[in-house]
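Asks: Residue numbers (the working numbering): 17 to 174.
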């Protein structure tokens with residue numbers, strides 16, 4: 017069963033996603049990178065996340081690309097708009113899914129089989145909070161163990 021983490025009360029989902037991705041990727045065992053699939057609800061969000069990944073830290077490089085890029089199979093951080101993208105089948109590893117969007121994935125059973133860890137980011141925006149609560153209930157109703165990280169508390173920050 018997948019580990020599902022809810023990080024809520026996030027002020028800036030792009031910067032937070034970058035910090036969390038850096039933490040997960042740098043903590044990978046034996047120097048082998050953890051593949052992070054970052055799902056975002058729309059093209060504008062993906063473009064913003066791409067820009068922030070390139071610029072958020074002058075001393076860190078987080079290798080990333082979009083799922084349809086030729087380099088996707090060799091890149092540790094891959095971005096896609098579609099939970100069911102056929103291109104996901106070409107990615108050899110899928111260790112962590114970081115979901116920045118508001119929609120609940122349609123085929124959760126397949127998603128939790130593919131990813132041992134799913135991270136849901138929920139901002140302070142009211143519409144995103146309500147959508148996050150619905151996703152939380154849906155995962156819980158499917159019997160998944162949920163872990164909560166309140167980002168309004170200093171000890172929860174990555």
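C-beta: ideal position from N, C-alpha, C; glycine also.
What residue range does the alpha helix (DSSP H) around residue 37 cover?
Replies: 29-42 is the span of the alpha helix (DSSP H), which, as asked, contains residue 37.
Asks: If we count the other Cβ atoms within 10 Å of its Cβ and call it buried at 16 or more, is residue 41 buried or exposed?
Replies: The residue in question, residue 41, is buried, as its Cβ has 16 or more Cβ neighbours within 10 Å.
Asks: Rounded to a whole number of angstroms, what is the C-alpha to C-alpha distance between residue 132 and residue 162?
Replies: Taking the straight line joining both Cα atoms gives about 13 Å.
Asks: Drop a sphere of 10 angstroms on the beta-carbon of residue 59, count the other beta-carbons inside from all chains shown, and report buried for 16 or more, exposed for fewer.
Replies: Label assigned to residue 59: exposed.
Asks: Quick one: what's residue 83 bridged to in DSSP?
Replies: None, per the DSSP bridge assignment.
Asks: Let me know if residue 88 comes out buried or exposed under the rule of 16 or more other beta-carbons within 10 Å of its beta-carbon.
Replies: When all chains shown are included, residue 88 counts as buried.
Asks: Can you give me the Cβ contacts of residue 152 inside the same chain, cut-off strictly under 7 Å, excluding the 5 residues immediately before and after it?
Replies: Once the five neighbours on either side are set aside, the close Cβ partners of residue 152 are 22, 162.
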